[in-house]
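Colleague: So in full-length UniProt numbering, spot 90 of the sequence shown is number 90, and the numbers just go up one at a time.
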Amino acid sequence: MDPGKGRDFAGGLVLALGYLLLGIVPTALFATGYVGGFLLWVCTRGREFGFVAVRGPYWLTMALFVAHKVEESQTDFFPALSQLTGHPVPQEITPAGALLYALAGAWLLVPVLMPRRMPFGSFLAWSFFCAMGITELAHFVFPLFMAGPYAYFPGMATVALLAPSAWWGLFRMVRPVPGSSSGETGKAT
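#1: When burial is assigned at 16 or more other CB atoms within 10 Å of the CB, is M146 buried or exposed?
#2: Going by DSSP in three states, G37 sits in which element: helix, strand or coil?
#3: Quick test of your reading: F49 and M173, contact by CB under 8 Å. State the CB separation rounded to the nearest angstrom.
#4: In terms of residue numbering, what span does the alpha helix (DSSP H) encompassing R45 cover?
#5: Span of the alpha helix (DSSP H) holding D139?
#6: Roughly how many angstroms separate the alpha carbons of F171 and F153, rounded to a whole number?
#7: Quick check on this structure: which residue in H139, F123, G148 and W167 has the alpha carbon closest to the alpha carbon of R45?
#8: In or out: Y34 buried (at least 16 other Cβ within 10 Å) or exposed?
#9: Just tell me which of P149, A157 and A125 has its CA closest to the CA of E136.
#10: Near F128, what residues of its chain come up, given a Cβ to Cβ distance below 6 Å and the 5 sequence neighbours on each side ignored?
#11: Identify, in the order they occur along the chain, each residue of the same chain with its Cβ nearer than 6 Å to the Cβ of K187, setting aside the five sequence neighbours on each side.
#12: Buried or exposed: V159, going by 16 or more other Cβ atoms within 10 Å of its Cβ?
#13: Grab me the residues of C130's own chain with a C-beta within less than 6 Å of its C-beta, minus the 5 sequence neighbours each way, in chain order.
#14: For G105, does the count of other Cβ atoms within 10 angstroms reach 16, so buried, or fall short, so exposed?
#15: Mapping DSSP to helix, strand and coil, what is M114?
#16: State yes or no: is the C-beta of E72 within less than 7 Å of the C-beta of G148?
#17: Drop a sphere of 10 angstroms on the beta-carbon of L40, count the other beta-carbons inside from all chains shown, and report buried for 16 or more, exposed for fewer.
#18: Output needed for T61: all residues of its chain with C-beta closer than 6 Å, excluding positions within five of it in sequence on either side, in chain order.
#19: H68 lies in the alpha helix (DSSP H); which residues open and close that run?
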């Protein structure tokens, strides 16, 4: 399969599954990461850079993403989102839900694909950093739509660190470190 078609198929599948499982609001939020990542990927496609450029921000952002998922789980993010959107959240993992998580797990391929200069790897990096640095900011907007004064929304605490680490990754993709385009043996500065 052509890498471009794989990228389009994966992004479309994530959005379709998100809509099926969670409704239009979460799907629109997912779309900001994937569409934003796609647009940035298209705008910078000619630029050569490797994983060295984003190694630090990637691993930091991935670790914070894991912490964020734990926070969401422990603070009942999906029931709170369901209350906000009016769309019921599946109570158990369905095959479609498992596939949605597996597709998000594709972000784990970034350190494998980028050193090989595979375009799908840089698309995944752009979408990962956009999703973490832009989409996750919705946690700060959700309380505005809840009854009562502005207050904590499940998942909000970790986003305070997650989003800036993703911005660092986006910055490094726009302005790679010296030596990051000439192979994966250079050291990040």
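We put the CB at the ideal spot given by N, CA and C, even for glycine.
Modeller: With the structure as the only source:
#1: Here residue 146 is taken as the residue at index 146 of the sequence shown, counted from 1. Per the 10 Å Cβ criterion, exposed.
#2: Here residue 37 is taken as the residue at index 37 of the sequence shown, counted from 1. In this structure, G37 counts as helix in the three-state DSSP scheme.
#3: For the purposes of this step, residue 49 is taken as residue 49 along the sequence shown, with counting starting at 1. For the purposes of this step, residue 173 is taken as residue 173 along the sequence shown, with counting starting at 1. Between M173 and F49 the Cβ distance is about 7 Å, and since that is below 8 Å, they are a contact.
#4: Here residue 45 refers to the residue found at position 45 when the sequence shown is read from its first residue. Segment: none, R45 is in no alpha helix (DSSP H) and carries neither H nor E.
#5: On the sequence shown, residue 139 is found 139 positions in, with the first residue counted as 1. Note that residue 139 is His in the sequence shown here, rather than Asp. Per DSSP, H139 belongs to the alpha helix (DSSP H) from A138 to V141.
#6: In the sequence shown, the residue the question calls residue 171 occupies position 171. In the sequence shown, the residue the question calls residue 153 occupies position 153. Distance between the alpha carbons of F171 and F153 is about 28 Å.
#7: In the sequence shown, residue 45 corresponds to position 45, counting from 1. Per the Cα distances, F123.
#8: The count along the sequence shown starts at 1 and reaches residue 34 at position 34. Answer is buried; the Cβ neighbour count reaches 16.
#9: Working through the sequence shown from its first residue, we reach residue 136 at position 136. The candidate whose alpha carbon is nearest that of E136 is A157.
#10: Taking the first residue of the sequence shown as 1, we reach residue 128 at position 128. Only W107 meet the Cβ criterion.
#11: Within the sequence shown, the letter at position 187 stands for residue 187. In this prediction, K187 has a pLDDT of 43, which is less than 50 and means its spatial position is unreliable; nothing more can be read from the coordinates.
#12: Position 159 of the sequence shown, counted from the start, is the residue given in the question as residue 159. Label assigned to V159: buried.
#13: In the sequence shown, residue 130 corresponds to position 130, counting from 1. If you ignore the 5 residues before and after C130, its C-beta comes within less than 6 Å of the C-beta of G33, G36 and G37, all in its own chain and listed in chain order.
#14: Stepping through the sequence shown from its first residue, residue 105 is reached at position 105. Exposed.
#15: As a working note, residue 114 is residue 114 in the sequence shown. M114: helix per DSSP, three-state reduction.
#16: Looking up residue 72 in the sequence shown gives position 72. Looking up residue 148 in the sequence shown gives position 148. Going by C-beta atoms, E72 is not nearer than 7 Å to G148.
#17: The residue labelled residue 40 in the question sits at position 40 within the sequence shown. By the 10 Å Cβ count, L40 comes out buried.
#18: In the sequence shown, residue 61 corresponds to position 61, counting from 1. Cβ within range, chain order: M132, S165, A166 and G169.
#19: Against the sequence shown, residue 68 aligns to sequence position 68. Where H68 is concerned, the enclosing alpha helix (DSSP H) stretches over R55 to Q74.
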